[in-house]
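Reading through the structure tokens given below for one structure.
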Amino acid sequence: MTSLPKTYDPHSFESEIYQQWEEKGVFKANTNSDASAFTISMPPPNATGQLHVGHAVML
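Using UniProt numbering, the letters of the sequence shown map in sequence onto residues 1 to 59.
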């Protein structure tokens with residue numbers, strides 16, 4: 001089995017994926033769409049640290 005590197009190197013593969021997304025037009029908005037617009041005023045919280053009561057407020 002191959003060993004995992006000690007540090008994560010995102011450029012080793014993410015640049016290729018990002019290029020594919022750009023070629024496919026993933027980031028381009030479809031201005032001719034008949035779909036209704038929507039927004040997210042407050043995105044869900046990122047619980048990256050220790051949980052606290054502030055995380056529960058978002059539920």
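Quick reminder that beta carbons are idealized off the backbone N, C-alpha and C, glycines included.
**OP:** Measure how close the beta-carbons of Phe-27 and Trp-21 come, nearest whole angstrom, since I'm counting them as under 8 Å.
**Re:** For this step, residue 27 is matched to residue 27 along the sequence shown. For this step, residue 21 is matched to residue 21 along the sequence shown. Rounded to the nearest angstrom, the Cβ distance from Phe-27 to Trp-21 is 7 Å, consistent with a contact under 8 Å.
Original post:
What residue does the alpha helix (DSSP H) around Tyr-18 start on, and which one ends it?
Top reply: Numbered from 1 along the sequence shown, position 18 holds the residue referred to as residue 18. It spans 14-24 - the alpha helix (DSSP H) in which Tyr-18 sits, taken as one unbroken run.
Subject >> Cα-Cα separation, Glu-23 to Ser-15 >> reply: Sequence index remark: in the sequence shown, residue 23 carries index 23 (1-based). Sequence index remark: in the sequence shown, residue 15 carries index 15 (1-based). The alpha-carbon separation between Glu-23 and Ser-15 amounts to approximately 12 Å.
Subject >> Lys-6 to Gln-50 span [Cα, whole Å] >> reply: The residue given as residue 6 occupies position 6 in the sequence shown. The residue given as residue 50 occupies position 50 in the sequence shown. Our two residues, Lys-6 and Gln-50, have alpha carbons roughly 24 Å apart in a direct line.
Original post:
Taking the C-alpha atoms as reference points, what is the distance between Ile-17 and Ser-41?
Top reply: On the sequence shown, residue 17 is found 17 positions in, with the first residue counted as 1. On the sequence shown, residue 41 is found 41 positions in, with the first residue counted as 1. Going by C-alpha positions, Ile-17 is about 29 Å away from Ser-41.
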